[in-house]
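Residue numbering for the sequence shown follows the UniProt record's numbering, starting at 1 and increasing by one per position.
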Amino acid sequence: MNIPTDGILRNTKKIYYNDQYLMSAHTKVARVHSEAIELTSTVAYPEGGGQEADRGTIELPTGVVRFIWVKKLYGTPIRLDGFKGGTLGGVILHVIHPDDLHRLDQIMEGMNAQVTIDIVRRERLTLSHTASHFLYAAAISLREELKQWTLGCHIKEASSRFDFFVEDSIRSDEVIEIERRANTLIDCNDVIRHCAVEGVEDARMWTYQGINIPCGGTHLESPLLIGHLNVRRKRLGKGKERLICEFPNAEIDVSRYHKRELP
């Protein structure tokens, strides 16, 4: 997708930070791009921190268009200790379904719009992202060097994974122990906290029982709905390994989602 820059400094208001469970919001069209719509504010979470993007619809006076991906661009690096790869500000683009691209010619800047997310997909990604932190916390508690050699992660609806550089391969007994430690943390069913650091909106910290992980994704408030975590390993080649977690008994609860912003 070719996104032109116009030299204007602007930021999309990220409503999802103020209320993760707001599924729909009134906004306005900020820009119309060749394959995407930029809104002045949005409830749609963009791809970031390994978490896949939301999907949903944008209702306009000219009709409804579907977005199949959400991207954040033009942010500036977060300059706080422990935060790698995150950005501040920026604009958020809602990538439009190919079958709806012909509608973009009818959309004008300043138009009223209502953006709505697929809440089932959001909640599955939220659960998956939360589960990934228990996998990661268990892995680095067993092999501390993995924290330094983390390559990245990918948060999907049905599973999540972390990739690592390793000098010594992760053994089968270590995978079993990582799974045990992750499930022990989950079984505690303590409160998960997720908040901005030093008042910086985009710099957010996930905290659970003294474990602190910088992360700007969406998360459950407790691990109860995750159920039992299954962990497996995949070799990616010499010196690279992947740990994958799945949660076949997870429960998806969308009862907290609502359409209006809380007072």
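A virtual CB, placed ideally from N, CA and C, is assigned to each residue, including glycine.
Quick caveat: nothing in here was measured; it's all calculated off a predicted structure.
With 16 other CB atoms within 10 Å as the buried threshold, where does residue i fall?
i: ASN112; result: exposed
i: LYS84; result: exposed
i: GLY50; result: buried
i: GLN209; result: exposed
i: PRO46; result: buried
i: LEU262; result: With a pLDDT of 48 at LEU262, under the threshold of 50, the predicted position of this residue should be treated as unreliable, though the coordinate-derived value follows. Per the 10 Å Cβ criterion, exposed.
i: VAL254; result: exposed
i: LYS72; result: buried
i: GLN20; result: buried
i: LEU151; result: exposed
i: ARG10; result: exposed
If you measure between the beta carbons of residue i and residue j, is that distance less than 8 Å?
i: HIS219; j: ILE192; result: yes
i: LEU125; j: ALA182; result: no
i: residue 267; j: VAL70; result: Look at the range of the chain in this structure, 1 to 263, and you will see that residue 267 is not part of it.
i: HIS94; j: PHE67; result: yes
i: LEU142; j: PHE164; result: no
i: ILE226; j: ILE186; result: yes
i: VAL231; j: ILE117; result: no
Looking at the secondary structure, which residues open and close the alpha helix (DSSP H) in which residue i lies?
i: ARG124; result: 119 to 142
i: residue 308; result: This structure leaves residue 308 out entirely; the chain is present only between 1 and 263.
i: LEU146; result: 145 to 148
i: ILE15; result: 15 to 18
Could you check where the beta strand (DSSP E) with residue i kicks off and where it finishes?
i: ILE244; result: 240 to 246
i: VAL43; result: Element bounds for VAL43: n/a, residue is neither H nor E.
i: ASP202; result: 200 to 208
i: HIS230; result: A small fix is needed here, since residue 230 is Asn in this sequence, not His. Per DSSP, ASN230 belongs to the beta strand (DSSP E) from 230 to 237.
i: VAL65; result: 63 to 73
i: LYS84; result: Per DSSP, LYS84 belongs to no beta strand (DSSP E) and is neither H nor E.
i: GLY217; result: Where GLY217 is concerned, there is no enclosing beta strand (DSSP E), given that its DSSP letter is neither H nor E.
i: ALA196; result: 193 to 197
Alpha carbon to alpha carbon, how far is residue j from residue i? Give it in angstroms, no decimals.
i: VAL115; j: LEU229; result: 33 Å
i: HIS194; j: TRP206; result: 5 Å
i: LEU88; j: GLY216; result: 11 Å
i: ARG242; j: LEU104; result: 41 Å
i: residue 288; j: ARG233; result: In this structure the chain extends from 1 to 263, so residue 288 is not present and cannot be described.
i: CYS153; j: ASN212; result: 17 Å
i: ASP100; j: ARG180; result: 47 Å
i: ALA158; j: ILE119; result: 15 Å
i: GLU246; j: ALA196; result: 28 Å
i: ASN2; j: HIS33; result: Any reading at ASN2 needs caution, since the residue's pLDDT is 46, under 50, leaving its predicted position unreliable; the model's value is listed next. Distance between the alpha carbons of ASN2 and HIS33 is about 8 Å.
i: GLY82; j: PRO214; result: 7 Å
i: GLU109; j: ARG122; result: 28 Å
i: ARG204; j: LYS238; result: 34 Å
i: GLU38; j: THR184; result: 43 Å
Ignore the nearest five residues each way along the sequence and tell me which others in residue i's own chain have a CB closer than 6 Å to its CB.
i: VAL64; result: THR57
i: PRO4; result: Note that PRO4 scores 44 on pLDDT, short of 50, meaning its location in the model is unreliable and no value can be drawn from it.
i: GLY75; result: THR87, LEU88, GLY89 and GLY90
Excluding the 5 residues flanking residue i on each side, which residues of the same chain have their C-beta closer than 8 Å to its C-beta?
i: VAL200; result: ILE78, LEU80 and LEU88
i: ILE155; result: GLY49, GLY50, GLN51, GLU52, LEU125, SER128, HIS129, SER132 and GLY217
i: LEU22; result: ILE15, TYR16, VAL43, TYR257, HIS258, LYS259, ARG260, GLU261 and LEU262
In its own chain, which residues sit with a C-beta less than 7 Å from the C-beta of residue i, not counting the 5 before and 5 after it?
i: TYR17; result: GLU201
i: LEU60; result: ILE107, MET111 and ALA113
i: LEU224; result: ASN189
i: ALA36; result: MET1, LEU93, HIS94, VAL95 and ILE96
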